[in-house]
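Trainee: Under the working numbering, read the sequence shown as residues 241 to 521, first letter to last.
We treat Cβ as the ideally placed atom computed from N, Cα and C, and that holds for glycine.
After the structure tokens below, expect a handful of questions from me.
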Amino acid sequence: MARTAPQPPNTTTDAAKAGVPAARTTRQTAADLAFLARALKAPALLDAAERLAERAQAESWSHLEYLVACLQREVSARDSHGGEGRIRAARFPAVKTIEELDLAHLRGMTRQQLAHLGTLDFIAAKENAIFLGPPGTGKTHIATGLAIRACQAGHRVAFATAAQWVDRLAAAHHAGRLQDELVKLGRYPLIVIDEVGYIPFEAEAANLFFQLISNRYERASVIVTSNKPFGRWGETFGDETVAAAMIDRLVHHAEVHSLKGESYRMRGRELGRVPTATNND
Numbered sequence: 241m242a243r244t245a246p247q248p249p250n251t252t253t254d255a256a257k258a259g260v261p262a263a264r265t266t267r268q269t270a271a272d273l274a275f276l277a278r279a280l281k282a283p284a285l286l287d288a289a290e291r292l293a294e295r296a297q298a299e300s301w302s303h304l305e306y307l308v309a310c311l312q313r314e315v316s317a318r319d320s321h322g323g324e325g326r327i328r329a330a331r332f333p334a335v336k337t338i339e340e341l342d343l344a345h346l347r348g349m350t351r352q353q354l355a356h357l358g359t360l361d362f363i364a365a366k367e368n369a370i371f372l373g374p375p376g377t378g379k380t381h382i383a384t385g386l387a388i389r390a391c392q393a394g395h396r397v398a399f400a401t402a403a404q405w406v407d408r409l410a411a412a413h414h415a416g417r418l419q420d421e422l423v424k425l426g427r428y429p430l431i432v433i434d435e436v437g438y439i440p441f442e443a444e445a446a447n448l449f450f451q452l453i454s455n456r457y458e459r460a461s462v463i464v465t466s467n468k469p470f471g472r473w474g475e476t477f478g479d480e481t482v483a484a485a486m487i488d489r490l491v492h493h494a495e496v497h498s499l500k501g502e503s504y505r506m507r508g509r510e511l512g513r514v515p516t517a518t519n520n521d
């Protein structure tokens, strides 16, 4: 038996039959709007309709202009909530946006290059972004900021350090589901691999890492940060051939930026000085 959609109470008609003054029509319209907003699960639409009604009247909006404005508020609210969920699911170690980046400290990358990456065109093109440089030069901040912007734009993102990615893949490999895991990760338009080079990998780990990169080649985007230039990746992966094959796939369709300068975190700090002992005798 087919189910019919619930209908709002027609108290306007009831009021007319009962001879109630027409002033109830405005209240009934508000009641109908509240009912329909609940039925559509669109609370932002209800709030927007109430707030925009006076403005629409004052500025002589057409009915369509008013409707579009209300729907835009609802779409924006849903996008915002969806972005927050995707940001949580990505498991960033900290939420850092591009806007919070200290551009005055940025070395080896121009504002224009950063702005270009911020358009996220590289994700649509299934290309990569790679940031090399010493610790504290902004690599992780930029990677996180771009990935958060991707979340806000509707993309699913996964973030982890290189060591964490290897642990995840090793667990899947030992459970006999490595290919399933690679297929699952392939559905993410963007993954971030942070801190390549901080911890050397054994041969099996290097092979798993290579499979991750190879599986995404020309299929989905990767952001990579590393404290080592490409010429030293063989030290990290224990095999120059594997490292070369990995780099080849990463940089074929990629923007590579070598950041320079002193650590942002160490600015203004005096390190290495031993306090002078005082003789209290």
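Specify, as a first and last residue, the run of the beta strand (DSSP E) that His497 falls within.
Mentor: Ala494 to Ser498
Trainee: Thinking Val423 and Val397 are a contact (beta carbons under 8 angstroms), I'd like their distance in whole angstroms, please.
Mentor: About 17 angstroms separates the two Cβ atoms, so there is no contact after all.
Trainee: What whole-angstrom Cβ distance do Ile370 and Val335 have, given they're in contact under 8 angstroms?
Mentor: That belief does not hold up - the Cβ atoms of Ile370 and Val335 are roughly 22 angstroms apart, past 8 angstroms.
Trainee: So, helix, strand or coil for Ile433, using DSSP?
Mentor: strand
Trainee: Helix, strand or coil: which one does DSSP assign to Asn467?
Mentor: coil
Trainee: Go ahead and label Val464 buried or exposed: buried means 16 or more other beta carbons lie within 10 angstroms of its beta carbon, across all protein chains shown.
Mentor: buried
Trainee: Going by other Cβ atoms of all chains shown within 10 Å of its Cβ, with 16 needed for buried, is His414 buried or exposed?
Mentor: exposed
Trainee: Determine, using beta-carbon pairs with one atom in the region 487-499 and one in the region 358-373, whether at least three such pairs fall under 8 angstroms.
Mentor: Because the criterion of three Cβ pairs below 8 angstroms is met, the region 487-499 and the region 358-373 touch.
Trainee: Tell me whether Thr266 is buried or exposed, calling it buried when 16 or more other Cβ atoms sit within 10 Å of its Cβ.
Mentor: exposed
Trainee: Per DSSP, Glu397 forms a beta bridge with which residues?
Mentor: The amino acid at residue 397 is misidentified as Glu; the sequence shows Val. Paired residue(s): Leu430.
Trainee: Leaving out five residues before and five after Ile327 in sequence, what residues of the same chain have Cβ atoms less than 7 angstroms from its Cβ?
Mentor: Val335, Ile388 and Cys391
Trainee: Determine the DSSP secondary structure at Arg513, reduced to helix, strand or coil.
Mentor: The pLDDT assigned to Arg513 is 49, lower than 50, so where the model puts this residue is not dependable; a value taken from the coordinates is nonetheless given after this. Note: Arg513 maps to coil in three-state DSSP.
Trainee: Quick check: what's the CA-CA separation for Glu299 versus Ala309?
Mentor: 13 angstroms
Trainee: Considering only residues of the same chain and omitting the five flanking positions on each side of Gly501, which have a CB-CB separation below 6 angstroms?
Mentor: Arg347 and Thr377
Trainee: For Val462, is the classification buried or exposed, using 16 other Cβ atoms within 10 angstroms of its Cβ as the cut-off for buried?
Mentor: buried
Trainee: Would you mind sorting His381 into buried or exposed? The rule is 16 or more other CB atoms within 10 Å of its CB.
Mentor: buried
Trainee: So what's Ser454 in DSSP terms, helix, strand or just coil?
Mentor: helix
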